[in-house]
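Asks: Quick note, this note's numbering runs 64 ahead of the 1-based positions in the sequence shown.
C-beta: ideal position from N, C-alpha, C; glycine also.
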Amino acid sequence: MKAITLKENGGVENLRLAEVDKPAISAGEVLVRVKAISINPVDAGVRRDKATMQRMLRPKDGEDTFIIGWDIAGVVEEIGSDVKEFRRGDGVFGMVNFPGSGRAYAEYVAAPADQMALKPKNTSFEDAAAAALAALTAWQGLVTNAKVKKGDKVLVHGAGGGVGHYVVQIAKSFGAYVVGTGSTSKRDFILKLGADEFIDYTSERFEDKVKDADIVFDSISDPDHLLRSIGAVKKGGRVVSIKANFGDEHLEAAKAKDVQAIRLLVKSNGEDMKQVARLMAEGKLQSHISAKYKFEDLPKAHQHIETGKTTGKIVVVI
């Protein structure tokens with residue numbers, strides 16, 4: 065089968081199209097013929113940086129050639145002996161073995177059945193693949209950890225980005241009041257997603273406009289920005305960070321306001337994936353795909369995601 069392989073960290077030229085063996089499946093896995101792959105910032109980080117690769121990919125001792133990536137959508141071709149939930153021919157999607165080795169950049173992927181969900185009939189393979197890691201991050205941050213509920217005021221940073229545009233929609237599906245931040249060019253997009261208010265971070269300080277958020281979802285890597293987010297949440301609220309870590313100063317500021325500080329690393333979870341699928345089937349969650357690439361052009365998708373200015377998601381079609 066065809067796969068995109070990586071032998072050493074560095075630039076996109078290190079991503080090479082190669083012929084490799086089709087994976088064998090274990091009793092609890094399904095073999096998925098991949099139709100679409102989603103590209104995330106962490107993919108580019110793993111490609112560039114050895115420390116990030118060790119932390120996220122968790123390679124085996126002696127492994128020197130890697131197939132990276134985690135987000136897939138496709139058709140089940142083989143079923144392990146212990147798998148009862150899926151049948152051959154089912155359309156499925158999910159985030160495979162994150163953190164760990166997902167080996168998603170390939171025509172076939174051996175995926176644990178308990179990490180997959182049925183693709184909704186009203187959803188394309190491209191839209192389903194887009195909604196794996198990013199939508200799971202939104203769900204696990206907002207629902208599993210921050211316990212979003214009707215009437216909550218939710219401040220979403222980077223509301224027009226890959227994770228952010230799902231956060232807005234999931235929050236609205238729970239009946240929350242959503243304030244989204246973004247650049248001027250993303251204003252209309254963010255409001256169209258359902259945000260009740262928009263803050264242009266290029267000309268406004270969000271903490272001057274929002275001081276009573278129940279939940280702040282922060283997808284910015286700047287520690288100073290995270291400290292400002294704590295300032296925007298009300299006493300007893302929750303701050304979810306998916307990039308910046310909470311240091312001593314952050315934790316002291318959070319403790320002073322009785323704020324729950326949540327540092328999230330998304331994890332593969334089939335039950336959460338099913339909740340994402342349910343929202344998509346109900347028309348409450350949609351993927352916005354700003355760019356599609358052919359499989360052989362996957363390195364260009366990496367270059368695109370590294371601009372840091374993507375609206376919604378980037379997918380690769382096989």
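Under 7 angstroms between the Cβ atoms of K377 and G164?
Replies: Cβ atoms of K377 and G164: not closer than 7 angstroms.
Asks: Shortest alpha-carbon distance to G205 belongs to which of D282, I382 and L291?
Replies: Nearest C-alpha to G205: D282.
Asks: To the nearest whole angstrom, what separates the beta carbons of K214 and G239, a pair I think is in contact under 8 angstroms?
Replies: Their Cβ separation, rounded to whole angstroms, is 3 angstroms, which keeps K214 and G239 in contact under 8 angstroms.
Asks: At the level of alpha carbons, what is the spacing between D154 and K99?
Replies: Near 12 angstroms, if we compare the C-alpha coordinates of K99 and D154.
Asks: Classify D322 as helix, strand or coil using the three-state DSSP reduction.
Replies: It is coil, neither helix nor strand.
Asks: Can you name, in chain order, every residue of its own chain whose Cβ lies under 8 angstroms from the Cβ of K275, other than the five neighbours on each side?
Replies: So the list reads G295, A296 and K298, once near-sequence residues are dropped.
Asks: Smallest Cα separation from L200: which of Q179, D322, A88 and E316?
Replies: With distances taken between Cα atoms, L200 lies closest to Q179.
Asks: For T248, name the three-state secondary structure that DSSP assigns.
Replies: Helix.
Asks: In three-state terms, what does DSSP make of M65?
Replies: Three-state result, M65: coil.
Asks: Find out if the Cβ-Cβ distance for the pair L70, I132 is shorter than 7 angstroms.
Replies: In contact: L70 and I132 (Cβ atoms closer than 7 angstroms).
Asks: Evaluate the contact criterion for the stretch 346-360 versus the stretch 317-336: three or more CB pairs, one atom per stretch, below 8 angstroms.
Replies: No, the stretch 346-360 is not in contact with the stretch 317-336.
Asks: I want to know whether the stretch 103-114 touches the stretch 364-382 - three or more CB-CB distances under 8 angstroms.
Replies: Counting Cβ pairs under 8 angstroms, three or more are found: they touch.
Asks: Quick one, are the C-beta atoms of A202 and R302 less than 7 angstroms apart?
Replies: It is not a contact, given that the beta carbons lie outside the stated cut-off.
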